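Protein chains in written order, with the working numbering: chain A, 9 to 396; chain B, 6 to 472; chain C, 117 to 258.
Notes follow once the structure below has been shown.
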C-alpha cells in the first residue's frame, strides 16, 4: 500500500547555510547573487521563518478554536436532539399533536431540525411517515423559497427536502427545478418528481432525460421506475418514438425507457420491442436493452427477432441476444447457441450462450466442451455442478 | 574544485527543497478549497437516501487471504456486515499453508459450487470454488499460491459485477464506506476507479468489525503514522483529486470498474507496488486511447487499518512502498513531462517521479553535504540556526494545516488531549522519525535498482509474510 | 406510559422481553419506543456478539436482528441459535426478495423491510410473544 509520505527534506535547506569559502563572482549565477550577501540572506530566512511560524500558529489557534466551538455546539445539539426525539416519538405514537414539536423549533434551528427529521423520515413508512411530514409542514414554505437560492447546494437540499416532506402543492416547485442550471439540482428534482408526482409527469421527466446521460444508467432507470406501472404507456410511447414522428426521442431516452419497462415487467411492450429490433434500432445499446426487455417479458413468438441479433457485429448485443434465447428459445436453438459457445470471439458471449443452454436444459454441448481439449474447457467445467 | 561542486549541488538541492515544499504549499491551498466545496456537498447529501433508491450497482469485494487462519473468519464477517444492498464477497485463498481454508469452511458452511469465470486474466490454477450455505453472497476461491496481485486477478476473473472493491484482509470498512465510495460512479459514468481514505486503527476500539471509538495509538510509531497518514490524505489525495490527477489508490481500499481493469490486463504480478502500478497503467492506457475517464478520491469513505508498530515491520513496509513506487515510475517513464497525458503527465507524474521517488536520495545527499560543510567549518552560527528554523517551521506549518483541515472537516479525534498531542507531533517527528523514514526509503530505492532483474521470483512467495 | 388494551401480563415476565440487535440507531429507537409503550421489555444491542452474550444471560421472548448485523449477521444467528428459541425476525432493506426467502428457509418467523412501519412491526412482534408464551405454557403443563 504505497501511501506516499510527504517528506519535506529540509535537510537540503541546511546546506545553504554553508558560507562557502569561495570567490563567487567568478561563477555567474543570475538570481542567486543576493543570497550570498550575508545580510540579505539572513533577512530572507528570518522573514520565511516568521511567515511559517505565523501559519503554524494561526493553524494551531484555528484548530483549538474550532475544536472548542464544535465541542460546545455538539453538546447543545445533543440536548436539542434529545428533546426533539422524545417529542417525535410521542407524536409518532399518537400521543401528541404534530405542532407540539414544530412550534418548539425556532427559526435558527430549522435546517438542523429538518436534517434530524430526515433520518427518521427515510426509515419509516405509512402512518408514521405521514406524521413526520405533518411535523415538517410548517417549515416547507421556507424550504420552497430556498429552491431559488443562488447556491446550487442549497437548492439541491431544498429540492430533496420537498421530495421527502412535501405534498402535491410542492410538485410545481419540483417541476420547475427540472430546468435548474445545476445538474445535481435537476437530478434530485427528477427523482423527487418520479417518486412523488402523478404518472402524467412521465412526459415531463422523459423530456428532460437527456440531461442525465452521464449519470449511471441504473440510477436513471430506477427514477423512471418510481413513476410506477401507470406510467408504462407513456414509457412505451417514448421507447418507440422514432417511429412516430411528432416527438422523436434520443437513443439514450429510448434505451432508458426500455430498461424501465423491463424493471416494471411490462408485458405489453414485448411486441413493440420485437418490431423495433426488426426495423430500425440502429443504436447497439438500445438493441441490447430491447433484448434484455424481451428476455424478461417476451414469448417464443418473439424469438426470430432475437436469433437475428445473435449475428450482430457488436459483442454486447450478441451477449444479450444469447441470454434472451435462454428464455424465449427452444430446442431448435441448440446449434445456434452451441456455435456461439464454441466459436464466438468473446468469452462473455460464450458464457451467455452456455448459461442459456443450461436454462433450456440443453446441457450436452456444455458437457462435450468440458470433455474436449477446446480452450474454453474451464468455462464449461465452471458451469457444470461439481461431482466431488 | 570540490567546493565548486558542493556549491552547485547545494543550489540544486535548494531547488528541490523549494519545489517540493512549494508544491505541498500549493497542494494545501487546492486541498482547502476542495474540502470547503465538498463539505457543502455533504451537507445536502444523505446516504440513507442513496440507499433507498435501490439502484446501486452490484459490487464484488475481493479479499485475498494468505495464511490468515487466526483472523480470516472475523475479517470475512466484517466484509459481510458492510452496509450495501447487493454486494458479493469473494475471499481468495492464495494457497495458504495453514488452516485458513478449514476455518472458512467451518464458520460459513462452504460447499463446492459452479461459478464460471467471466474473464481470463492469467493466474495460478484454481483448486476449487465454494459458496457459503449461510451467506449465498459469500464465495471462497481456493487457488495455488501466486502472491497478492495474482489472487486479486483470480478474484477479478470470477467477478460478475460491473464494479469490484480490492480489499486488504486486515482492513475494516466503515458501515457506509462502500456507499460513499460508489457515489462518483453514479454521478459520472466515465469513472473508472475511486479511492477512499485509509486511517490508522491502532489505539481505536474495535467491536465486531466496526471501529466504535476513535483514539490515538499509545505507542510512538503508530502515533507518528497517524500524522503521516493525515498529511498524505490531505495533500497527497484530496489536492490531486481536485486537480484531476489521482495517481494513487490505496491497495487496502479502492473501487474499480471491472471492465477497464480487465482491459488493461489486471494487476501485474511482477511488482511489489501492484496497486499503484495498476492505477498509473489505467491512466496511461485510457489517455493513449483518448477515452474520457475519471479517477476519483472520496474523503469521507473510510477504511481503518492496523499500521506497523515495530521498527522492523515499518522498515520493511516502507522499503516495499519505495520499491513499488520506483518500479511504477520507471515502468511508465514515458508519461514524464509528456503533454499527451494531460495533467497526469505534466504535473502529477513529474511530482511523484522527481520529488517522491528520488526525494530520499536528495534528502540524504543534503545531510551528507551538510556534514561536509560542517567539517570544513563553512557554516556560521546564526545562519545555521535560522536556516534550521525555516525548514523546521515549514514542516510544522504543513502538518498544522493538515491537522486544522481534519478538525474543520471530519474530526475523528474528539478528545481535546489527543488533539493537543496531534498538534505537537510535528515537533517530535522532526527529530529522528523523518530521518529514519528517509533512510528506509533510500534503502528501498537502492535495493530496487540493485535487484531489478531478479524481481519476478523474489516476490512470488506470497504476501503479508513480513507483517 | 399507557399500557395497551390487549391482555398484557401484569409483570413483564421473561417472555415479554425482546432483544433488538439493530445497528441502525433510528430504526432501533423507533421500534424499541413502540414496543416499550406496548408493555414489552426491550434490550438494545448493536452487534452480533453482544446479542449472543445477552441471550446467554437473559432468556428472550423474541429477537429482532439486522440482516447485516456486524459480528454475527442476522442470518448467522438464525443458524447458530436453536430453532424458535427465541423466534427471530430479521430486519433488512427492501428490494432483496432472495434474502427474505432465504431468511424464512433458515427459520426466521418474519422479515421487516426498511423503511418500515413501527406500528405494524410492533403488532407482529407482540403476536409472536403471545404465541411463544402460549406454547411455553403448553409445554410446562405437559
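The beta-carbon is built from N, C-alpha and C at its ideal position, and this holds for glycine as well.
Being a predicted model, the structure only gives us computed values, none of them experimental.
DSSP state of residue 77 of chain B mapped onto helix, strand, coil: helix
In DSSP terms, what residue 136 of chain B is bridged to: B:116 and B:144
Boundaries (first-last residue) of the beta strand (DSSP E) holding residue 304 of chain B: 299 to 310
Reduced DSSP secondary structure (H/G/I, E/B, other) of residue 69 of chain A: helix
Classification of residue 102 of chain A by the beta-carbon crowding that lies within 10 angstroms, buried from 16 upward: exposed
Of the listed residues A:76, A:347, A:383 and A:338, nearest to residue 369 of chain A (C-alpha basis): A:338
Selected residue, minimal CA-CA separation from residue 151 of chain A, among A:169, A:137, A:116 and A:131: A:169
is_contact[residue 90 of chain B, chain A] using C-beta, thresh 8 angstroms: no
Beta-carbon spacing of residue 67 of chain B, residue 97 of chain B below 8 angstroms: yes
Straight-line Cα distance separating residue 70 of chain A from residue 408 of chain B: 10 angstroms
8 angstroms Cβ cut-off: residues of chain C touching residue 135 of chain A: 233 and 235
Proximal residues of chain C, C-beta to C-beta of residue 139 of chain B below 7 angstroms: 191, 192 and 195
Reduced DSSP secondary structure (H/G/I, E/B, other) of residue 207 of chain C: strand
Counterpart residues of residue 133 of chain C in DSSP-defined beta bridges: C:157
Backbone CA spacing between residue 250 of chain B and residue 288 of chain B [nearest angstrom]: 9 angstroms
Contact list for residue 109 of chain B against chain C, beta-carbon separation under 7 angstroms: Within 7 angstroms Cβ-Cβ: nothing; residue 109 of chain B doesn't reach chain C, min ~13 angstroms.
Whole-Å CB distance - residue 76 of chain B paired with residue 175 of chain B, under 8 angstroms assumed: 7 angstroms
For residue 5 of chain B, the first and last residue of its enclosing beta strand (DSSP E): Residue numbering for chain B in the displayed model covers 6 to 472; residue 5 of chain B lies beyond these limits and cannot be assessed.
Where residue 213 of chain C sits in the DSSP three-state scheme: helix
Close-in-space but distant-in-sequence residues of the same chain around residue 313 of chain A (CB under 7 angstroms, 5 per side omitted): 282, 285 and 286
Chain A within 8 angstroms of residue 230 of chain C, Cβ atoms only: yes
Cross-chain neighbours of residue 142 of chain C in chain A, by beta carbon under 8 angstroms: 127, 128 and 131
N- and C-terminal bounds of the alpha helix (DSSP H) containing residue 419 of chain A: Within the shown structure, residues of chain A are numbered from 9 to 396, placing residue 419 of chain A beyond reach of any answer.
N-terminal and C-terminal residue of the alpha helix (DSSP H) that residue 125 of chain A is part of: 118 to 129
Under 8 angstroms (Cβ pairs) to chain C, residues found in the segment 77 to 102 of chain A: 93, 97, 100 and 101
Test item: CB-CB of residue 332 of chain B and residue 414 of chain B under 8 angstroms: no
For residue 435 of chain B, the three-state DSSP class (helix, strand or coil): coil
Beta-carbon gap between residue 237 of chain A and residue 272 of chain A smaller than 8 angstroms: yes
Proximal chain A residues relative to residue 165 of chain C, where beta-carbon distance stays under 8 angstroms: By Cβ distance, chain A contributes nothing, its closest Cβ being about 25 angstroms from residue 165 of chain C, past 8 angstroms.
Own chain, CB closer than 7 angstroms to residue 26 of chain B, minus 5 neighbours either side, in chain order: 399
Identity of the residue in C:246, C:249, C:233 and C:250 nearest residue 135 of chain A by Cα: C:233
C-beta contact flag for residue 212 of chain A and residue 244 of chain A at 8 angstroms: no
Chain A residues whose Cβ lies nearer than 8 angstroms to that of residue 146 of chain C: 97, 100, 128, 131, 132 and 136
Alpha carbon of residue 295 of chain A to alpha carbon of residue 260 of chain A, nearest angstrom: 11 angstroms
Residue-level contact to chain A via CB, residue 184 of chain C, 8 angstroms cutoff: no
Rounded distance between the beta-carbons of residue 215 of chain B and residue 303 of chain B, thought under 8 angstroms: That pair is no contact at about 19 angstroms.
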